[in-house]
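Since the structure comes first, as structure tokens, the remarks are kept for the end.
Numbering (mature numbering (1 follows the signal peptide of the UniProt record, and there is no 0)), first residue to last: -23 to -1, 1 to 616.
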């Protein structure tokens, strides 16, 4: 039985009641994540709900689920059975008429016959939800714009409920988009929704940081003032901000009290709208949000990770190749460029699938730091995105080193933090890339690059306008090719401790076997630090394998060897043909000297026991100077 009631009927009914209107749940997906939802891919095709801005020209971020994806060569029809189930929605204090409201849209209006069902129940499992009698079902069809829908859930007043959206019983259309999901009593004359916060995640000490709030007027009267409080766990910072926000309009307001601390601090900032138009806020549950904030002793070096979705079958993908090469060449020290291939011989399935789910489908496509997603990978758009991301302040410096045994690399990813965390949620990961990749006379999709820019009718494109369509594999060299994910797309769990002190060096070792078909001399090691809360990239650092490799014996002096390597308490420096006086210094990966010792009269066979137990676990560089020349090597301290 479908229990649907029109908004008009509810509005008429509202005049007979005197309950206080209140919003109990709201999600417009502007956070870019699905944290308020549990997702189930019941058909098992690895294409479920996710949050994205798919440039439909109406809404920004929204939840979306596909019934067709543009995989080569002709696309792929899907048979979705995708569920998204809300977190618990507390209606124990609700009374009167309560509405579930949302907006729906078929992404491609020529292929918009998307079927979906909405369920409401007091349990979160899909079996119970699927058996509910409080439902709404439709085939959305071509509506020309997002349409508003509502469902009466008044019968659940006094209980805790779960709301589910199920995309099913459809195929070969395109995408169903859902947005602005709310559970609330009928609109009140004066009500507001706190949609999002804006505050720098990290800052240097003694620097003013602007806290901004984005609000929406969900009442019927204009909003003329808001009292907003931000609290850092100790102190309230309350201010009344005068404004003028019309019904159903949004606005961004700056809190006049800056966020500023003179010492390195870790803060959980809570922001609450306490009054609207000089009256108590009727919906405090949806008008309070939290954000993390840390001050640092110094700033790390920010590097922007650009991941591009590409494929040899994709005729527009030369645009991404040109754009990625431009960024990597123009900003060699602050851009890490990775080409993630789809449906061609260079595909890494785990990387391809996860990147599409993060930045959206479509080739070419790109994302910067997994924060700016759905970015056209042409030069101008990548430059614009880079200009935004490069200004981020980051609390960490990343480095890498490696030891090679046969065709196996042991890679140490290292992070030095400049602020403290009591409950960090970070992960280290390593991405292997390769330059100079070529095919060997293949046919079909192979290594031939389909090229829609051939002939020049689409304008210049880095020389591709002068090449054939497709470009023969003998003329193609692919750079920045993503070859492997060490630790997975979201990084290695437990690679970074939860409690971190400012100045602490964290390291984690990964193993990688170089395939016989790859040239290790053309390979790169990319260390990434990933925010486990939202999956975004904090920073990245790239080095060639040759740069990262450790050397077991001292470069240039065959008669001096180090052992054991890695060392725990003592590192032995064995001289087979000592010839005088030596200065030995040890620096960490940030260039700080941690040991500086002089040794005199080392002739013939000698052994120095160098204590290293006082050093933190990680990689170090040893320099040995005999007064005539200086030689260096790397060693590892393990705990």
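We put the CB at the ideal spot given by N, CA and C, even for glycine.
Residue(s) in a DSSP beta bridge with residue i
i           : result
residue 550 : 539 and 585
residue 344 : 284 and 350
residue 612 : 597
residue 232 : According to DSSP, residue 232 bridges with nothing at all.
residue 519 : 503
residue 45  : 54
residue 204 : 217 and 252
residue 89  : Partner(s): none; residue 89 has no beta bridge.
residue 173 : 191
residue 3   : 159
residue 565 : 597
Simplified DSSP state of residue i, which is helix, strand or coil
i           : result
residue 220 : strand
residue 361 : helix
residue 30  : coil
residue 332 : helix
residue 395 : coil
residue 132 : helix
residue 303 : helix
residue 107 : helix
residue 312 : strand
residue 326 : helix
residue 181 : strand
residue 317 : strand
residue 120 : coil
residue 356 : helix
residue 532 : Note that residue 532 scores a pLDDT of 45, beneath 50, so its modelled location is shaky; the value from the coordinates is reported in the next line. Three-state DSSP puts residue 532 in coil, outside helix and strand.
residue 212 : coil
residue 99  : coil
residue 240 : coil
Residue of the options minimising C-alpha distance to residue i
i           : options               : result
residue 335 : 466, 4 and 444        : 466
residue 102 : 227, 87 and 140       : 140
residue 184 : 271, 144 and 210      : 271
residue 619 : 121, -1 and 77        : Nothing can be reported for residue 619, as the shown portion of the chain is limited to -23 through 616.
residue 615 : 486, 13 and 238       : 486
residue 123 : 228, 114, 39 and 488  : 39
residue 470 : 493, 510 and 453      : 510
residue 187 : 85, 231 and 370       : 231
residue 175 : 224, 439 and 207      : 207
residue 338 : 278, 205, 327 and 286 : 286
residue 173 : 228, 387, 119 and 328 : 228
residue 27  : 129, 161, 353 and 60  : 60
residue 309 : 363, 355, 331 and 353 : 363
residue 603 : 585, 408 and 577      : 577
residue 129 : 111, 67 and 468       : 111
residue 501 : 413, 441 and 431      : 413
residue 161 : 146, 138 and 180      : 138
Endpoints, the beta strand (DSSP E) within which residue i is located
i           : result
residue 406 : 403 to 411
residue 126 : 124 to 129
residue 500 : 500 to 508
residue 139 : 137 to 144
residue 64  : Run containing residue 64: none; DSSP gives neither H nor E here.
residue 156 : 152 to 162
residue 375 : 373 to 382
residue 267 : 265 to 273
residue 472 : Unbroken run through residue 472: none, as it is neither H nor E.
residue 484 : 482 to 490
residue 80  : 75 to 83
residue 15  : 14 to 18
Residue i burial status per 10 Å Cβ neighbour count (16 or more: buried)
i           : result
residue 618 : Because the chain here runs from -23 to 616, residue 618 falls outside it and cannot be looked at.
residue 445 : exposed
residue 525 : buried
residue 447 : buried
residue 236 : buried
residue 545 : exposed
residue 476 : exposed
residue 80  : buried
residue 591 : exposed
residue 258 : buried
residue 596 : buried
residue 399 : exposed
residue 281 : buried
Where the alpha helix (DSSP H) through residue i begins and ends
i           : result
residue 367 : Taken as a continuous stretch (DSSP letters only), residue 367 belongs to no alpha helix (DSSP H), as it is neither H nor E.
residue 524 : 522 to 525
residue 441 : Element bounds for residue 441: n/a, residue is neither H nor E.
residue 450 : Here residue 450 belongs to no alpha helix (DSSP H), and DSSP marks it neither H nor E.
Neighbour flag for residue i against chain B, beta carbons, 8 angstroms
i           : result
residue 275 : In summary, chain B is missing from the structure at hand, where a single protein chain is found.
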